[in-house]
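Here the structure comes first, spelled out in structure tokens, and everything after it is commentary.
Pasting the structure below:
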């Protein structure tokens, strides 16, 4: 994978925006397939929300990646710094319970524009465990959640 970071021209990534972010594990390792790992990742994602870095519309911890639909706040660092800090926090928290997390470098993101239907992103994230064959129906997977509403 290239270390090239692709960014939209004319978009300031340091101001509050809505982003669809995907963090992948190196080699698509299934490190988060166990309950302890998935709960730990969920906890860190929620802690960053509680610190006021973002509004969390929806997230899902899959065995080999994490999806997050969020809106950064004025208190948040740039998206790149926020994601780097989030990945580092997940790494260290998992390490404390004996789980070695190796992240793929970088991350995938998409700026979600105001006119786009966020519900499409929410449905995509929530249906991910069903599409992957982990559960049979929406709501059966405990590591996906809608958190903050938007209006």
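Residue numbers (the working numbering): 29 to 179. Each residue gets a CB set at the ideal place from its N, CA and C atoms; glycine is no exception.
Comparing alpha-carbon positions, which option in the options lies nearest residue i?
i	options	result
residue 97	158, 82 and 114	82
residue 119	102, 132 and 158	132
Using the beta-carbon count (16 or more within 10 Å), is residue i buried or exposed?
i	result
residue 160	exposed
residue 137	buried
residue 59	buried
residue 130	exposed
residue 163	exposed
residue 70	buried
residue 107	buried
residue 89	buried
residue 54	exposed
Can you tell me which residues form a DSSP beta bridge with residue i?
i	result
residue 65	According to DSSP, residue 65 bridges with nothing at all.
residue 122	DSSP output for residue 122 lists no bridge partner at all.
Under three-state DSSP, which class holds residue i?
i	result
residue 99	strand
residue 146	helix
residue 169	coil
residue 54	helix
residue 79	coil
Between residue i and residue j, how many whole angstroms is the CB-CB distance? I'm expecting something under 8 Å.
i	j	result
residue 180	residue 99	The structure shown does not extend to residue 180, since the chain is modelled only from 29 through 179, so no value can be given for it.
residue 122	residue 66	Not a contact, Cβ separation roughly 10 Å.
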